[in-house]
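As structure tokens, the structure follows; a few thoughts come after it.
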Amino acid sequence: MITIFYDGKCGACSREIAYYQKKVPHNAFLWKDVIDSADELVILNISVTQALMALHAIDNRNQIQVGVDAFILIWAEIRGWRILAKIISFPAIKPLSILAYNKFAKVRFSRSRHCKNLE
Numbered sequence: 080m081i082t083i084f085y086d087g088k089c090g091a092c093s094r095e096i097a098y099y100q101k102k103v104p105h106n107a108f109l110w111k112d113v114i115d116s117a118d119e120l121v122i123l124n125i126s127v128t129q130a131l132m133a134l135h136a137i138d139n140r141n142q143i144q145v146g147v148d149a150f151i152l153i154w155a156e157i158r159g160w161r162i163l164a165k166i167i168s169f170p171a172i173k174p175l176s177i178l179a180y181n182k183f184a185k186v187r188f189s190r191s192r193h194c195k196n197l198e
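Per our numbering, the sequence shown starts with residue 80, numbered consecutively.
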């Protein structure tokens, strides 16, 4: 089972995850709020700050996937989104997607009050 660590205090993040939860097969993912999973994240060598900065996932091979790669795991399980997962994975597109995601993630993190309290 794929585990997704998301920022449950972020309104936009929570809405997006709620959407995905409705779309993916019931037993495909384990959804965990970062704040509620701090001890587990420490074991995985992921700080709460890192997990709030970008979406994190543990794939079926127990590999950590971050940011765009974590989203690709989700999208690959949703009918209608699988094509996006494949497109984003193309070598010519993925680096641009990562760059855009990282920029967005930094802005979101810097504007989130609960994230600022961790800095």
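The beta carbon of each residue, even a glycine, is placed where N, CA and C say it ideally should be.
Only a predicted model underlies this, so the values are computations on that prediction, with no experimental measurement involved.
Anyone know if the C-beta pair for residue i and residue j falls short of 8 angstroms?
| i | j | result |
| --- | --- | --- |
| Ile151 | Ser168 | yes |
| His135 | Phe188 | no |
| Ala133 | Val145 | yes |
| Leu123 | Ile143 | yes |
| Asn139 | Ile81 | yes |
Given this structure, state the Cα-to-Cα distance separating residue i from residue j, to the nearest angstrom.
| i | j | result |
| --- | --- | --- |
| His193 | Pro170 | 35 angstroms |
| Leu109 | Trp160 | 19 angstroms |
| Gly87 | Asp112 | 5 angstroms |
| Thr128 | Trp154 | 24 angstroms |
| Lys102 | Arg158 | 8 angstroms |
| Ser176 | Val186 | 15 angstroms |
| Ser191 | Tyr99 | 22 angstroms |
| Cys89 | Glu156 | 23 angstroms |
By the DSSP assignment, the alpha helix (DSSP H) with residue i in it spans what residues?
| i | result |
| --- | --- |
| Ile162 | Arg161 to Ser168 |
| Ile177 | Lys173 to Arg190 |
| Leu120 | Ala117 to Ile122 |
| Cys92 | Gly90 to Lys102 |
Could you name the residues that DSSP lists as bridge partners for residue i?
| i | result |
| --- | --- |
| Ala136 | Ile83 and Gln144 |
| Leu109 | Thr82 |
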